[in-house]
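Residue numbers (the numbering used here), protein chains in the order written: chain P, 6 to 178; chain G, 2 to 429; chain R, 62 to 379.
Even for Gly, the Cβ is constructed at its ideal location relative to N, Cα and C.
Have a look at the structure below before the remarks.
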Amino acid sequence: MSKKIMDKDGLGKTLARLAHEVIEKNDNLDEIALVGIRSRGDLIAMRIAARVKEISGKSIPVGAIDITFYRDDVGLKIAKDAQPTDVKFSIDGKNIILVDDVLYTGRSTRAAIDALLDIGRPKTIQLLVLIDRGHKQLPIHADYVGKNIPTSFKEIVEIKMQEMDGEDSITIT
Amino acid sequence: MKLLLSAGRVIDPANKIDDFLDILIEDGKIVKVAKDIKDKTAKVENLKGKVIVPGLIDMHVHLREPGFEYKETIATGARSAVMGGFTSVACMPNTEPVMDNTAVVELVISKGKKENLANVFPIASVSKHAKGEEISDIGMLLNSGAVALSDDAAPLMNAEVMRRAFEYTKQFNVSIITHCEDKNMTIDGVMNESFNSTTLGLRGMASVAESLMVYRNIAIANYMGALVHIAHVSCKESVEIIRWAKKQGMKVTCETAPHYFTLTDEAVKTYDTNTKMNPPLRGAEDVKAIKAGLKDGTIDCIASDHAPHGRIDKELEYNYASFGIVGLETMVPLTLTELVDKKILTLEQAVEKLSVMPAKVLGLKKGTLSVGADADITVLDIEKKYNVDVNKFESKSKNSPFNGKSVKGAAFMTIVGGEIKMKEGKIL
Amino acid sequence: MGFKRKHLIGLEDATPEEIETYLNTAESFKSIFDRKIKKVPALRGRTVINLFFENSTRTRTSFELAAKRLSADVINFSVSTSSVSKGETLIDTAKTIEALESDMIVVRHSCSGVPLLLTKTLKSGIVNAGDGMHEHPTQGLLDLFTIREKKKKIKGLKIVMVGDIAHSRVARSNIYGMTKMGADLTLVAPPTLLPKDIENLGVKVDHDLRKAVKGADVVYMLRIQLERQKRNLFPSIREFSTLYGMDEDKLKLANKDAIVMHPGPMNRGVEISSEVADSEQSVICEQVTNGIAVRMAVLYLLAGGETNEIASLSGQGN
Chain P
6 MSKKIMDKDG
16 LGKTLARLAH
26 EVIEKNDNLD
36 EIALVGIRSR
46 GDLIAMRIAA
56 RVKEISGKSI
66 PVGAIDITFY
76 RDDVGLKIAK
86 DAQPTDVKFS
96 IDGKNIILVD
106 DVLYTGRSTR
116 AAIDALLDIG
126 RPKTIQLLVL
136 IDRGHKQLPI
146 HADYVGKNIP
156 TSFKEIVEIK
166 MQEMDGEDSI
176 TIT
Chain G
2 MKLLLSAGRV
12 IDPANKIDDF
22 LDILIEDGKI
32 VKVAKDIKDK
42 TAKVENLKGK
52 VIVPGLIDMH
62 VHLREPGFEY
72 KETIATGARS
82 AVMGGFTSVA
92 CMPNTEPVMD
102 NTAVVELVIS
112 KGKKENLANV
122 FPIASVSKHA
132 KGEEISDIGM
142 LLNSGAVALS
152 DDAAPLMNAE
162 VMRRAFEYTK
172 QFNVSIITHC
182 EDKNMTIDGV
192 MNESFNSTTL
202 GLRGMASVAE
212 SLMVYRNIAI
222 ANYMGALVHI
232 AHVSCKESVE
242 IIRWAKKQGM
252 KVTCETAPHY
262 FTLTDEAVKT
272 YDTNTKMNPP
282 LRGAEDVKAI
292 KAGLKDGTID
302 CIASDHAPHG
312 RIDKELEYNY
322 ASFGIVGLET
332 MVPLTLTELV
342 DKKILTLEQA
352 VEKLSVMPAK
362 VLGLKKGTLS
372 VGADADITVL
382 DIEKKYNVDV
392 NKFESKSKNS
402 PFNGKSVKGA
412 AFMTIVGGEI
422 KMKEGKIL
Chain R
62 MGFKRKHLIG
72 LEDATPEEIE
82 TYLNTAESFK
92 SIFDRKIKKV
102 PALRGRTVIN
112 LFFENSTRTR
122 TSFELAAKRL
132 SADVINFSVS
142 TSSVSKGETL
152 IDTAKTIEAL
162 ESDMIVVRHS
172 CSGVPLLLTK
182 TLKSGIVNAG
192 DGMHEHPTQG
202 LLDLFTIREK
212 KKKIKGLKIV
222 MVGDIAHSRV
232 ARSNIYGMTK
242 MGADLTLVAP
252 PTLLPKDIEN
262 LGVKVDHDLR
272 KAVKGADVVY
282 MLRIQLERQK
292 RNLFPSIREF
302 STLYGMDEDK
312 LKLANKDAIV
322 MHPGPMNRGV
332 EISSEVADSE
342 QSVICEQVTN
352 GIAVRMAVLY
362 LLAGGETNEI
372 ASLSGQGN
């Protein structure tokens, strides 16, 4: 049983709203940068940056971070297809908005924060997620949420992005 | 004290006998071989389904005493012998001190007698201190009981020394048993030189280092008219040279060991140090040639080259581990499994190579079931199927690459001088 | 498909896919080298023992740095003499080391086969850091990594490997690695420095360096042990250098953009001239840097051992 909870239009609207929220919350857009968590978080980050530019005319730097080596479950799961982290700008003193597709246990966010802090020393780190599905295991909350979807443990939230999967959609199975 | 072996199949190649006969033994000698012997005063052993053969002789073993008693002693070696079906063994001189003097020869003989299990015949060193420089007191060594001479401890590199050894020994009409290896060509070598040594990154010992010395030693011995016996032939070229020499009418005898017709250097791939021996395990072509040599009679004897080593010698880097494996308790099963069961040799031919020919080469009045002969008799169970288990070995050492191997055939009973020394896996 | 391997003994039995995985993972690790904090927490709390029976400051340092950059705890254990002289067997020594509760043991030994023997008695993952004349798999991988980085591919490249093939574990690992990845490999050496039947490994053999080096994309020079001359494996340093040494003159025959590699340490003026070693075509220093990234990848990938499965990289993996 799978249920579609967002289609291409819905995703576009949600991303537009998130872009507005980012502009609203940050007085100085020159001090912010988006860093997406691979994979798909980086794609979402690029889409948001594009919307922000449409709305405000400002170009925000976008980077991608790979958290494979920061996970707390090496030995249980080893990724054999880690991709390099790609942050071409200095994050020192910046307000960094971490971008992820789904917030679940919070462990990926923890790993991403560690990974970010190894690259530099940002002024603040905020968290933007497309879906917050609940069941957090760490005291982590998102500053920007595309949609809250209460789920059970058994359910799987599947996000598809045009760039990677050939279509935009979010489904729960 | 009389012993009657009844209902067995008797194979006695010396008398061309292969028949169901009874054998009566009295005072350590065979007194009667005939059908349905009746003797109420004799202890009877019913050997229905078993094969009775002249006592097996392993003409190439290392018993390590004196000097390396942690590897083996004459006592444990003799137990291992009778357990493996051997009524006699001939032990090599690489002891410490080397068996190059009458005192050590006499010690080995007296210890062997004291154990009163298998007959132990010493082979003395052909050179003093096994250095290959000066020949030892060959006449005195033979007078004290040595049955042959050998350079197995250290091959004689110097052809002039080899020549004089043959020339001098000729007067005594005994064989010099030579380990054929050009030591200059095998420095640091630990396995056969082959594609496998290339991929394993182990230093090779080329088979030509063996075969060229086989030729040299045959050539010198024949020039001198002396007796030469080639120890543990392992490669194709050696077989071919010996076959050619025999065809020329040259006098030469030789032996191979069970591992050379059972394993190839593929076995080294695990770096198991129980695959390290000298000569090394060779290639498939060599194994084929060894079998062909056994079949056509080029190879006269099968000997184990029983070489016990302790854990400290073997649980090591392949390069540092000692050469050699134990063999007394696997020789009969391997010969029966790999040669007789696979129709390379008949049972009679196998007995010739394990008893008749070794006796002949060593000049022993053994290897026969003739009336009047010593009652050294081995009884075989050629049907028994089991897996080799090194932990059951009587030998002090367990260094065998055959642990766990499934085999068919075993020694059932070992009788030495008319006394049963081993029966059904128990030493009496 | 998971990464199922617990030990890395050699590249002889590695699949091209596995090699690809090592190289890709190494690329990720290399990307952290230009950061201020050159460290990730991937192997936090794991213990790696560098068990070196043979001296090698270079390889040991590379493995040590790799383990440290993965946040593992590292112990260096040098056994200078062979166990024979101590009255202890190799297995005794290894068990004593493992009693230190290690997760992985990086082994270097002058005797072939020691790492494989250790996998049979020890519970830790074993990484071969060079055994005798057998294999040096991490060197093979770092060389492949360097070639791929410089040439953007390995398949179809013309590689010539020159020098003492017979005694070289580096050569063996590279022969397996390069041929598996589809390179066209020619070995150049005098017959005395080629081991028996080496052609069976799918390589070409030549004795004429000038001829063989024509059109090469990669020129790989091996270290020659000068004492080999005493065993008559070549007549003199001068003759070896003249026939089999790489100099500017011979290098001109290779492709213009050919790279020159050497596993180090070099004998300048013997197998490689200083001009070549220091030329723009030489990637010898990059090989050393890449060694750290490749060893990080090896330690990381083997760490999961037999229970490895691939983490889903979508954020909801955890």
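Bounding residues of the beta strand (DSSP E) (the contiguous stretch that carries residue i)
i: G/S89; result: 87–92
i: R/K100; result: Note, R/K100: premise wrong, no beta strand (DSSP E); not H, not E.
i: G/K30; result: 30–35
i: P/K8; result: 8–11
i: R/T247; result: 245–249
i: G/H230; result: 228–231
Outcome for residue i when other beta-carbon atoms lying within 10 angstroms are tallied against a minimum of 16
i: R/T199; result: buried
i: G/N95; result: buried
i: R/Q380; result: Residue numbering for chain R in the displayed model covers 62 to 379; residue 380 of chain R lies beyond these limits and cannot be assessed.
i: R/S373; result: Bear in mind that a pLDDT of 32 at R/S373, under 50, signals an unreliable position, so the model cannot answer this.
i: R/F295; result: buried
i: G/E97; result: exposed
i: P/M169; result: exposed
i: P/G171; result: exposed
i: G/L282; result: buried
i: P/R115; result: buried
i: G/N120; result: buried
Same chain only: Cβ atoms within 6 Å of residue i, ignoring 5 sequence neighbours per side
i: P/R126; result: D97
i: R/I166; result: I110, L112, S185, I187
i: G/V327; result: H307, P309, S396, S398, N400, S401
i: G/N117; result: none
i: R/F206; result: L84, A87, N351, V355
i: P/T19; result: G151
i: P/H25; result: none
Where the alpha helix (DSSP H) containing residue i begins and where it ends
i: R/R356; result: 345–364
i: R/I70; result: Premise fails: R/I70 is in no alpha helix (DSSP H) and is neither H nor E.
i: R/P77; result: 77–91
i: G/N223; result: 209–225
i: G/S239; result: 237–248
Residue from the options with nearest C-alpha to residue i
i: R/D74; options: R/L262, R/E162, R/D318, R/R284; result: R/L262
i: R/T253; options: R/D267, R/K241, R/G243, R/P326; result: R/D267
i: G/E66; options: G/E107, G/K17, G/E168, G/F262; result: G/E107
i: G/A268; options: G/R312, G/N193, G/W245, G/E316; result: G/N193
i: G/N47; options: G/A125, G/F413, G/K427; result: G/F413
i: G/E384; options: G/D375, G/V417, G/A79, G/L348; result: G/L348
i: G/I345; options: G/I291, G/K30, G/Y321; result: G/I291
i: R/A315; options: R/I93, R/G325, R/Q342, R/N293; result: R/Q342
i: R/G54; options: R/L360, R/V140, R/P77, R/V231; result: Past the edges of chain R, shown from 62 to 379, lies residue 54 of chain R, and the structure says nothing about it.
i: P/L135; options: P/I28, P/R45, P/A116; result: P/R45
Test: residue i CB closer than 8 Å to a CB of chain R
i: P/Y149; result: no
i: P/F74; result: yes
i: P/Q88; result: yes
i: P/I124; result: yes
i: G/M2; result: no
i: P/D119; result: yes
i: G/E318; result: yes
i: G/F122; result: no
i: P/D137; result: no
Residues of its chain near residue i, where Cβ-Cβ distance is below 8 Å and the 5 sequence neighbours each way are ignored
i: G/P259; result: I303, S305, G328, T331, M332, L335, T336, E339
Test: residue i CB closer than 8 Å to a CB of chain G
i: R/P77; result: no
i: R/N111; result: no
Same chain only: Cβ atoms within 7 Å of residue i, ignoring 5 sequence neighbours per side
i: G/M84; result: E330, E395, M423, I428
Residue i beta carbon near the ligand MN (any heavy atom closer than 7 Å)
i: R/H195; result: As for the ligand MN, it is missing from this structure, which has no ligand bound.
Chain P contact for residue i (CB, 8 Å cutoff)
i: R/I98; result: yes
i: R/A103; result: yes
i: R/S89; result: yes
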